[in-house]
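J.: Read in order, the letters of the sequence shown are residues 229 to 636 in the numbering used here. Can you keep this structure in mind? I'll have questions shortly.
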Amino acid sequence: MHNEREAQIQPFPESLDVTELAASGWRPMAFQQFILKVHSRCDLACPSCYVYTMADQGWRSQPRKMTPAVIDKVAARIAEHARTHSIVEVDVVLHGGEPLLVGADGLAAIVRRIRSACAAVGTRVRASMQTNAVRLDEAALVQFNELDIRIGVSLDGWREANDRTRVFANGRGSYDAVATSLARLATGPFHHLFAGLLCTIDLRNDPLKTYRSLLEFDPPGIDFLLPHGNWVSPPPSREPDSSRTPYADWLVEIFDHWRNAPTLETEIRIFREITRLLSGAPSRCESVGLSPSRMLVIETDGSIEQSDILKSSWEGAAHTGLNVFRDPFDRALELPGIVARQIGMAALSETCLRCDISRVCGGGLYAHRYATATGFRNPSIYCPDLYKLITHISHRHDRDTARLKGRV
229 MHNEREAQIQ
239 PFPESLDVTE
249 LAASGWRPMA
259 FQQFILKVHS
269 RCDLACPSCY
279 VYTMADQGWR
289 SQPRKMTPAV
299 IDKVAARIAE
309 HARTHSIVEV
319 DVVLHGGEPL
329 LVGADGLAAI
339 VRRIRSACAA
349 VGTRVRASMQ
359 TNAVRLDEAA
369 LVQFNELDIR
379 IGVSLDGWRE
389 ANDRTRVFAN
399 GRGSYDAVAT
409 SLARLATGPF
419 HHLFAGLLCT
429 IDLRNDPLKT
439 YRSLLEFDPP
449 GIDFLLPHGN
459 WVSPPPSREP
469 DSSRTPYADW
479 LVEIFDHWRN
489 APTLETEIRI
499 FREITRLLSG
509 APSRCESVGL
519 SPSRMLVIET
529 DGSIEQSDIL
539 KSSWEGAAHT
549 GLNVFRDPFD
559 RALELPGIVA
569 RQIGMAALSE
579 TCLRCDISRV
589 CGGGLYAHRY
599 ATATGFRNPS
609 IYCPDLYKLI
619 THISHRHDRD
629 TARLKGRV
């Protein structure tokens, strides 16, 4: 039954032929980012989490954490892939669940094992971790400092805003614990490890108050994320047939403040990436633009998967059938779902191809395009929001560019 369901919703069953693409001269790009689900559980119970509360419940059958055998094989596969494609540097992201459930010693051992395997083939490993920071104590920071493991922290604003959704299983908010950990990270000798804050947009929270509360921790960058959803399961306040733009309106208020600030307060990823695209540079993230996706996810049992955000679409959406114990990563490069996220304009819907900002928007995040009948060949469920946000930034970019040229 699972295979029948998977066959029905291949992204482009009629128009995407990998063999034909290869014959035309297209070649896949090797993977450079490996997201390791080092622990499949979490110490928070956020009601909107795409891993635990949305369509795919595969986490229930996953081992709690990676065994040494899985870690050794993952390290060998990364080194193998790097050697095959002469990759100078790879990114390894420690993820979950909550990676700190493995413990600082366990995470350090994973990074050392992968670096050792990759050093043998002349490849550097940049290591980072995305965490809720509840367990980020000073002892962990000392270890991460020794290994130069950069740390991204999830936080959704001030105490009331964050504790609407980022809660423990008993309903208690996580803000105080996270703020204490962030104080350790953001001040003193560990600030250089601070990669930034990840904030999921909640329209109930005032945008400028949210932004200012995050700035209090002196983050080098902030990534504002649209809540995961699609045409089957729309996100909050995003009505599929509505032209309303609540998420763009929320972000535009922050953008105008950020752009008007006399000095750069912090980097805001979505604004910077849209500005890069408007200037003709490629995007460095999947949420906008058409840059090829070059990432893979490895689950605790060694399963090789596509982006875990696809789990918000349907049960098994990220599934590939591959495993590090049987398969090299090169085999994943042949999968239609991977190819679709590497071929740029050729993967967009007819609606997107007719749009005047398609090369900047890029159809939005791949997972947000899903609809039952047509798979992922649709505009993003956030299409009106993305159009308004991009055109707003574009108009400001044009005005600022014209003003600078006038000074020359």
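Backbone N, C-alpha and C define an ideal beta-carbon position, used for all residues, glycine too.
Whose C-alpha, out of GLU308, PRO327, GLY324, is nearest the C-alpha of VAL318?
T.: GLU308
J.: Run through DSSP, which three-state label would THR619 get?
T.: In the structure shown, THR619 sits in a helix (DSSP, three-state: H, G or I).
J.: Just checking, does the region 419-435 make contact with the region 383-397 on the three C-beta pairs under 8 Å criterion?
T.: Two segments are said to touch when three or more pairs of C-beta atoms, one from each, lie closer than 8 Å; by this definition the region 419-435 touches the region 383-397.
J.: Which residues does DSSP list as the beta-bridge partners of CYS427?
T.: Looking at the DSSP assignment, CYS427 forms a beta bridge with PHE452.
J.: Among PHE483, LEU322, ALA347, which has the Cα closest to the Cα of ARG497?
T.: PHE483
J.: Would you grab the beta carbon distance between ILE193 and LEU413 for me? Rounded to a whole angstrom, and I think it's under 8 Å.
T.: Outside the shown range of the chain (229 to 636) lies residue 193, about which nothing can therefore be said.
J.: Could you tell me the distance, in whole angstroms, from the CA atom of GLU206 to the CA atom of ASP365?
T.: In this structure the chain extends from 229 to 636, so residue 206 is not present and cannot be described.
J.: Just to confirm, does LEU375 get its C-beta within under 8 Å of one of the non-hydrogen atoms of the ligand ZN?
T.: Absence of the ligand ZN from the depicted structure is noted, as is the absence of any ligand whatsoever, leaving it without description.
J.: Counting only runs of 4+ residues fully inside the region 301-387, write out the alpha helix (DSSP H) ranges in chain order.
T.: Fully enclosed alpha helix (DSSP H) runs of 4 or longer: 332-347, 366-375.
J.: What is the rounded straight-line gap between the Cα of PHE499 and the Cα of LEU492?
T.: 13 Å
J.: Across which residues does DSSP place ILE496 in a beta bridge pair?
T.: ILE450
J.: Look at the alpha carbon of TYR403 and the alpha carbon of LEU538, and state the distance between them as a whole number of angstroms.
T.: 28 Å
J.: Between SER470 and SER608, what straight-line distance do the alpha-carbon atoms span, to the nearest angstrom?
T.: 13 Å
J.: Would you mind stating whether ALA258 and LEU518 have Cβ atoms separated by less than 9 Å?
T.: In this structure, the beta-carbon distance from ALA258 to LEU518 does not fall below 9 Å.
J.: What does the alpha-carbon distance come out to for the pair SER252 and ALA595?
T.: 27 Å
J.: Return helix, strand or coil for MET573, following the three-state DSSP convention.
T.: helix
J.: Write down the C-beta distance between ALA355 and ILE379 rounded to the nearest angstrom, noting that I regard them as a contact closer than 8 Å.
T.: That pair is no contact at about 10 Å.
J.: For the region 553-570 against the region 328-336, are there 3 or more C-beta pairs whose distance is under 8 Å?
T.: no
J.: Going by C-alpha distance, which of ASP536, CYS589, ALA397, PHE452 is nearest GLY424?
T.: PHE452
J.: What residue range does the alpha helix (DSSP H) around GLY565 cover?
T.: 564-568
J.: May I ask you to report which of helix, strand or coil DSSP gives SER531?
T.: strand
J.: Hey, out of GLY603, LEU550, TYR439, whose CA is closest to ASN390's CA?
T.: TYR439
J.: Could you check which residue in TYR278, GLN261, PHE262 has the C-alpha nearest to that of ARG269?
T.: TYR278
J.: In whole angstroms, give me the CA-to-CA distance for ALA304 and GLY591.
T.: 35 Å
J.: Quick one: is LEU632 buried, meaning 16 or more other Cβ sit within 10 Å of its Cβ, or exposed?
T.: exposed
J.: CYS583 to LYS301, Cα distance in whole Å?
T.: 44 Å
J.: Check whether the region 572-579 touches the region 605-623, counting contact only when three or more Cβ pairs, one atom from each stretch, lie closer than 8 Å.
T.: yes
J.: Helix, strand or coil, according to DSSP, for ALA389 in the structure here?
T.: helix
J.: Just list the residues that DSSP pairs PHE262 with in beta bridges.
T.: VAL320, LEU524.
J.: Once the 5 residues before and after ASP628 are set aside, which same chain residues still bring their CB inside 7 Å of it?
T.: none
J.: Do PHE213 and ASP446 have their C-beta atoms within less than 9 Å of each other?
T.: Residue 213 is absent from the model: the chain starts at 229 and stops at 636.
J.: If we count the other Cβ atoms within 10 Å of its Cβ and call it buried at 16 or more, is HIS420 buried or exposed?
T.: exposed
J.: Note down the Cα distance separating THR295 from ASP529, rounded to an integer number of angstroms.
T.: 8 Å
J.: Once DSSP output is grouped into helix, strand and coil, what is the label at ALA601?
T.: coil
J.: Assign LYS293 to one of two classes, buried (16 or more other C-beta atoms within 10 Å of its C-beta) or exposed (fewer than that).
T.: Its Cβ being crowded by 16 or more others within 10 Å, LYS293 is buried.
J.: Going by beta-carbon coordinates alone, are TRP459 and ALA568 separated by less than 9 Å?
T.: Remark: C-beta atoms of TRP459 and ALA568 do not approach each other more closely than 9 Å.
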